[in-house]
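For reference, the structure discussed in these notes is given below.
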Amino acid sequence: MTEQPQTYRNPVPTVDIIIEMSEDKIILIERKNLPSGWAIPGGFVDYGETLEAAAIREAKEETSLDVELIGQFHTYSDPKRDNRLHTISTVFIAKGYGIPLAADDAQNIALYSEDSLPEPIAFDHGTILKEYFHYKKTGSLPK
């Protein structure tokens, strides 16, 4: 008799990309699919793909922009951050190049500053954006 391999239930890796288009404006997308709302561009990491490659791919798929990754910002792992399943998101900061056009999972796209954020904001992206704008002002990374 052949032994069955043990299966594990693991969180799913994702990436989100805060795309800076100017000194104080970033890109947000309005989601086509549930959960609805405005979100930081991002998505699931494909098997065999690095986090960096996934971030560049997802940014292009949803915003039509080429991006240059500046660096990793923070990783968010609250099991309740996505009501569909347990995800762990590594958030990158990137510089965007080109003309933003909504594509793939995005039905709309726009530039926002800290004082003009839309509602509703999906997932835990409101927290991520709050921590990002705090970082831009103070240089202090989330803990």
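Numbering (this note's numbering), first residue to last: 1152 to 1294.
All residues carry an ideal CB built from backbone N, CA and C; glycine is no exception.
The beta carbons of LYS1183 and ALA1257 sit closer together than 8 Å. Counting only unbroken stretches of 4 or more residues, the alpha helix (DSSP H) elements lying wholly within the region 1160-1237 are 1202-1214, in sequence order. When DSSP states are grouped into helix, strand and coil, SER1291 belongs to the coil group.
At the C-beta level, ILE1168 and GLY1193 come within 8 Å of one another. When the five nearest sequence neighbours on each side are left out, the beta carbons in the same chain lying within less than 7 Å of the beta carbon of GLY1249 are those of SER1215, LEU1216 and ASP1217, in order along the chain. Annotated as distal: LEU1202 and VAL1242, with beta-carbon spacing of 8 Å or more. Approximately 7 Å separates the beta-carbon atoms of ASN1234 and PRO1186; this is inside 8 Å, confirming the contact. Boundaries of the beta strand (DSSP E) harbouring ALA1261: 1257-1263, taken from the DSSP string. Contact check for ILE1191 against HIS1285 fails: the beta carbons are separated by 8 Å or more. Taking GLY1247 as the centre and dropping the five residues before and after it, the same chain places the C-beta of ILE1170, GLU1171, MET1172, ILE1178, ALA1210, THR1214, LEU1216, ASP1217 and VAL1218 closer than 8 Å to its C-beta, in chain order.
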